[in-house]
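Here's the structure, in structure tokens; my notes come after.
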Amino acid sequence: MEKVAILGGTFAPVHWGHLLMAQMATSQFALDRVIWSVDRATPHKSHSVLAIFNKWREMVALATAERPDFGLLPLDTNPSPSAAIDSLLYLQNLATEAQLYWIIGADAFQTLPKWPRCGEIGGLCEWLVAGRGSGGVEVGQMGRSIDSAEDKILIQTNHVCSVVATQMSLRAVQIRWQVLAMPAIEVSSSSIRWYYSQGRSIGHLVPEAIETYIMTHQLYS
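Just so we're aligned, residue 35 is where the sequence shown starts under the numbering used here, counting upward by one.
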């Protein structure tokens with residue numbers, strides 16, 4: 035049976051943390067394909083950020099170009115700000131016999147009970163959850179503390195998942211989840227945008243093609 039996963043987000047910009055999540059999930063769960071779903075909009079985003087949606091997609095395409103098992107969700111499948119269910123239904127129709135997964139960070143996963151139509155989404159796939167926390171490891175500075183950091187994040191992430199599972203069960207939805215075994219990398223798109231706007235290097239946080247794209251298109255200046 036084919037194994038297909040979604041990895042969703044705004045990816046503004048896509049960074050090594052996103053790519054590591056996809057790579058670790060692919061390796062640990064023998065995924066055949068990872069479909070990247072770029073969020074068109076969310077209510078708290080400003081109009082100026084929404085205007086560069088296509089650039090977010092272009093950056094994801096660049097970052098995943100060397101991975102034939104990574105691909106972008108077609109543009110017309112996520113027309114609305116709350117399109118998680120549409121993305122999942124698209125995958126169901128695309129691969130009717132596939133086992134479906136959703137790769138997600140723990141911080142986003144804990145908001146699942148608040149997602150529109152979460153009752154429909156929760157049980158349709160298996161959730162592969164990556165930890166993030168203050169005990170994480172800086173990109174480029176991962177040393178001997180990794181094992182203890184991983185243990186701490188694993189415990190925290192399992193707790194988050196258990197709480198979410200309990201909340202969803204109150205809606206009569208039973209979810210399946212597993213925690214990705216990986217170090218929590220302290221990098222976010224918002225911090226990358228801030229670093230770049232301050233003239234600081236982001237070369238250790240994003241692939242070279244993404245840094246070049248940001249410079250060429252004068253993003254986040």
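Note that CB positions come from ideal geometry on N, CA and C, so glycine has one too.
Problem set entry | Residue range of the unbroken beta strand (DSSP E) whose run includes G42 | Residue 42 sits at position 8 when you count from the first residue of the sequence shown. Where G42 is concerned, the enclosing beta strand (DSSP E) stretches over 37-43.
Exercise. Curious, which full-length alpha helix (DSSP H) runs of at least 4 residues does the segment 128-156 contain?
Worked result: 140-143, 152-156
Problem set entry | Through-space distance from C159 to A39, alpha-carbon basis | Here residue 39 corresponds to residue number 5 of the sequence shown, with the count starting at 1. Here residue 159 corresponds to residue number 125 of the sequence shown, with the count starting at 1. Distance between the alpha carbons of A39 and C159 is about 9 Å.
Problem set entry | L41 versus F143, M35, N88, residue with shortest Cα-Cα distance | Here residue 41 refers to the residue found at position 7 of the sequence shown. For the residues F143, M35, N88, the minimum Cα distance to L41 belongs to F143.
Exercise. Who pairs with V68 in a beta bridge, going by DSSP?
Worked result: As a working note, residue 68 is residue 34 in the sequence shown. Paired residues: A39, F104.
For this session: Just mark V48 as buried or exposed, buried being the case when its beta carbon has 16 or more other beta carbons within 10 Å.
Result: Counted from its first residue, the sequence shown places residue 48 at position 14. Its Cβ being crowded by 16 or more others within 10 Å, V48 is buried.
For this session: Using the DSSP secondary-structure output, state which residues sit across from L158 in a beta bridge.
Result: Counted from its first residue, the sequence shown places residue 158 at position 124. DSSP lists no partner for L158.
Exercise. Secondary structure at A59, three-state DSSP: helix, strand or coil?
Worked result: Position 25 of the sequence shown holds residue 59. Three-state DSSP puts A59 in a helix.
Problem set entry | C-alpha distance - V194 paired with W161, whole-angstrom precision | Residue numbering aside, residue 194 sits at position 160 when the sequence shown is read from its first letter. Residue numbering aside, residue 161 sits at position 127 when the sequence shown is read from its first letter. If you take the alpha carbons of V194 and W161, they lie about 12 Å apart.
Problem set entry | Distance, S231 Cα to S196 Cα | The sequence position of residue 196 within the sequence shown is 162, counting from 1. The sequence position of residue 231 within the sequence shown is 197, counting from 1. If you take the alpha carbons of S196 and S231, they lie about 38 Å apart.
Exercise. What's the C-alpha gap between D185 and P147?
Worked result: Looking up residue 185 in the sequence shown gives position 151. Looking up residue 147 in the sequence shown gives position 113. Each residue's Cα considered, the two are about 26 Å apart.
Exercise. Among the residues of its own chain, which have a CB less than 6 Å from the CB of I119, if the five just before and after it don't count?
Worked result: On the sequence shown, position 85 is the one that residue 119 refers to. So the list reads R151, E154, I155, once near-sequence residues are dropped.
Problem set entry | Residues bridged to V213 [DSSP beta-bridge criterion] | Residue numbering aside, residue 213 sits at position 179 when the sequence shown is read from its first letter. Note: V213 sits in a beta bridge opposite V163.
Exercise. Comparing alpha-carbon positions, which option in N88, T200, A95, M216 lies nearest T145?
Worked result: Reading the sequence shown from its first residue, position 111 is the one you call residue 145. That would be T200, whose Cα lies nearest to the Cα of T145.
Problem set entry | Neighbour-count burial assignment, P241, 16 or more Cβ in a 10 Å radius | One-based indexing of the sequence shown puts residue 241 at position 207. Buried, because 16 or more other Cβ atoms sit within 10 Å of the Cβ of P241.
For this session: Could you tell me which of A132, V72, D103 sits nearest to N88, measuring between CA atoms?
Result: The residue given as residue 88 occupies position 54 in the sequence shown. N88 has its Cα closest to that of V72, out of A132, V72, D103.
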